[in-house]
Amino acid sequence: MNVILLPIDIAVKRERITAIETARGLSAGLNAKFITTYVIRDIPIEHIPYEDRDGAIARAEFEALQSLKAVVREHELPDSCECNVRQGHAARQIISVAAETGADLIVMDSHSPGLGDFLLGSVAATVVRHAPCSVYVVRGGA
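Residue numbers for the sequence shown follow our numbering, so the first one is -15 and each next one is one higher.
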């Protein structure tokens, strides 16, 4: 196992800690590279003045990247940990990063399911079905 992808929701602390600790445990004794990814949902640009759209998107991506780097420092992930921010549909972006980076394993949390998850499918369920590598889903809630 060379590359472990950690999709992180920077707003959800409990699950994030569980997923990071699980990834650490799975990589113990290995020289695995960690890649963290945060996906910004589509920014509603129709509410942003046209002339400021590029700037607003760049600011949102910069702020998300800084938050992701803070999570990496807070949880003492290796200095070699790669951080990246994507925009769009979370499951599709996670699958894309896994394919682009040649990830061997995705370790991600799954929030407690709500009714919408049963009807539409959760991000974790979509990643499990379509990822190009193994996926370890951590239930970090209850």
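We treat Cβ as the ideally placed atom computed from N, Cα and C, and that holds for glycine.
Note that the structure is predicted; figures quoted are calculated from it, not measured.
- Message: Comparing C-alpha positions only, which one of R8, E45, E35, A7 sits nearest to I24?
- Response: The shortest C-alpha separation from I24 is found at E45.
- Item | Buried or exposed (CB count within 10 angstroms, at least 16 for buried), A74 | By the 10 Å Cβ count, A74 comes out buried.
- Query: Under a Cβ-count criterion, where at least 16 other Cβ atoms within 10 Å of its own Cβ denotes burial, should G100 be classed as buried or exposed?
  - Reply: Because the pLDDT at G100 is just 49, under 50, the model does not fix this residue reliably, and the point stays unresolved.
- Item | Rounded C-alpha distance that separates Y34 from L49 | 24 Å
- Message: Nearest by alpha-carbon distance to P(-9): which of E60, I19, T2, A40 is it?
- Response: I19
- Task: Provide the residue span of the beta strand (DSSP E) that contains D93, from first to last.
- Result: 89 to 94
- Could you check the C-alpha separation between I79 and D36 for me, to the nearest Å? 30 Å
- Message: Could you tell me the alpha carbon to alpha carbon distance between L(-11) and D38, rounded to whole angstroms?
- Response: 28 Å
- Would you mind working out which of V122, R8, A40 sits nearest V56, comparing C-alpha positions? Minimum Cα distance to V56 is reached at R8.
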